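In what follows, a single structure is set out as structure tokens and then discussed.
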Amino acid sequence: MDKKPVQKKPVKRPVAKKKAEPEPHKEKQPKHEETPVAKTVTAKLTHGKTFYALGRRKTAVAQAQVTTGSGAITINELPFEKYFMSEDLRSIVQQPLVAVGLEKSLNVRGKIHGGGIHAQAESLRHAITRGIVLMDGETRRTLKKRGFLTRDPRVKERKKPGLKRARRAPQFSKR
Numbered sequence: 244m245d246k247k248p249v250q251k252k253p254v255k256r257p258v259a260k261k262k263a264e265p266e267p268h269k270e271k272q273p274k275h276e277e278t279p280v281a282k283t284v285t286a287k288l289t290h291g292k293t294f295y296a297l298g299r300r301k302t303a304v305a306q307a308q309v310t311t312g313s314g315a316i317t318i319n320e321l322p323f324e325k326y327f328m329s330e331d332l333r334s335i336v337q338q339p340l341v342a343v344g345l346e347k348s349l350n351v352r353g354k355i356h357g358g359g360i361h362a363q364a365e366s367l368r369h370a371i372t373r374g375i376v377l378m379d380g381e382t383r384r385t386l387k388k389r390g391f392l393t394r395d396p397r398v399k400e401r402k403k404p405g406l407k408r409a410r411r412a413p414q415f416s417k418r
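In terms of the numbering used here, the sequence shown has 325 at position 82, counting the first letter as 1, and numbering is strictly consecutive.
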């Protein structure tokens, strides 16, 4: 039983590369100089023009007329504070105006129907956002980043036969 010795192949090992010397520290400069959107928008506002926009959320539909003015908001011919009693709902409606810094220079007249009070506030926010973008396209990036231009597609699921609600089954009784 003669066994031949097994010859091992030499293992090739990677050669350690010399590390490159780090570059001297450079000052980080912003890619583009960010200026407040409000300054650029207020200079471009066309006085006397009215922009119409539509916004939706669940079953609520809001129509908004956005014009230059003093910052007054009326909804269904009622003052803003009377229609939306809660401070949370008022802040939802004003979010796009505050985001671009135009809460004191744009008037909004809104007509809302359908849905609940919260969905109505969100649909009006959607309509105001669309109106602002129609007025000045440069605000689109700011408003899109905050999610105000996206229509929220979530709606209540329909009831299925044999169930109490969309997914709620009747209570199971063993006996």
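Just so you know, even glycine gets a beta-carbon here, dropped at the ideal spot from N, CA and C. Since this is a predicted model, take the numbers as computed values, not measurements.
Cβ neighbours of residue 312 within its own chain (closer than 8 Å, five residues either side excluded): 348, 349 and 350. Looking from the CA of residue 303, the closest CA among 329, 353, 256 and 290 belongs to 353.
The beta carbon of residue 332 sits closer than 8 Å to those of 360, 361 and 364, all from its chain and outside the five residues before and after it, given in chain order. Excluding its 5 nearest sequence neighbours in each direction, residue 293 has C-beta neighbours in its own chain below 6 Å: 308 and 310, listed in chain order. Within a 10 Å sphere around the beta-carbon of residue 415 sit fewer than 16 other beta-carbons, which makes this residue exposed. Around the beta carbon of residue 401, a 10 Å sphere encloses fewer than 16 other beta carbons of the protein chains shown; the residue is thus reported as exposed. By the CB criterion at 9 Å, residue 412 and residue 399 fall outside the cutoff.
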